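J.: Numbering (the numbering used here), first residue to last: 2 to 149. Glycine residues also receive a C-beta, built at the ideal position from the N, C-alpha and C atoms. Being a predicted model, the structure only gives us computed values, none of them experimental.
#1: Between which two residues does the alpha helix (DSSP H) holding residue 49 run?
#2: Could you check the C-alpha separation between residue 2 and residue 120 for me, to the nearest Å?
#3: Measuring alpha carbon to alpha carbon, tell me which of 111, 30 and 106 ends up nearest residue 51.
#4: Can you tell me whether residue 140 is buried or exposed? The criterion is at least 16 other CB atoms within 10 Å of its CB, across all chains shown.
#5: In whole angstroms, what separates the C-alpha of residue 48 from that of residue 22?
#6: Could you give the distance in angstroms between the alpha-carbon of residue 131 and the alpha-carbon of residue 44?
#7: Assign residue 10 to one of three DSSP states: helix, strand, or coil.
#8: Do the region 27-40 and the region 66-82 make contact, defined as three or more Cβ pairs closer than 8 Å?
#9: Does any CB atom of chain B fall closer than 7 Å to the CB of residue 39?
#10: Write down the C-beta distance between residue 67 and residue 101 rounded to the nearest angstrom, noting that I regard them as a contact closer than 8 Å.
#11: Out of curiosity, what's the CA-to-CA distance linking residue 63 and residue 56?
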């Protein structure tokens with residue numbers, strides 16, 4: 002976490018807490034927040050499923066293409082073909098390997114995006130827990146005031 006060596010502005014903190022409580026006192030806001038959280042969870046689940054499917058498809062497709070290129074190279078070597086043909090096949094293999102590297106990079110980017118979505122989901126969940134705590138504290142304060 003960050004360095005908290007400075008002093009905390011208590012009035013700003015209390016004001017922020019009051020504003021937050023005010024927002025969540027409106028039942029519609031709480032329901033909207035809950036719906037948003039549910040939407041984030043569904044989005045994350047969908048993204049994870051899509052990511053897994055895309056990853057598997059890409060890996061299978063490029064593994065197949067690489068295997069095809071290797072097979073063609075093996076066939077070419079066994080038939081004692083001309084150097085130009087070998088160079089062509091090598092170039093084709095190199096291109097396929099380059100495509101594979103690009104797809105792995107894209108896969109990494111998608112994975113990073115999913116990680117970011119997961120972090121957002123965790124952050125929203127933490128905020129939701131914080132709001133619940135604030136609501137409980139507010140309810141306790143109201144009960145305490147009523148007893149006095």
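T.: By the coordinates alone:
#1: Element bounds for residue 49: 28-79.
#2: Residue confidence for residue 2 is low, a pLDDT of 42 falling below 50, so the modelled location carries little weight and cannot support an answer.
#3: Among 111, 30 and 106, the Cα nearest to that of residue 51 is on 111.
#4: The residue in question, residue 140, is exposed, as its Cβ has fewer than 16 Cβ neighbours within 10 Å.
#5: Taking the straight line from one Cα to the other gives about 33 Å.
#6: Each residue's Cα considered, the two are about 22 Å apart.
#7: Residue 10: coil per DSSP, three-state reduction.
#8: No: the two stretches stay apart, fewer than three of their Cβ pairs being nearer than 8 Å.
#9: Within the model displayed, chain B is absent; a lone protein chain is all it includes.
#10: With a Cβ gap of about 7 Å, residue 67 and residue 101 count as contacting.
#11: Distance from the CA atom of residue 63 to the CA atom of residue 56, rounded to whole angstroms, is 11 Å.
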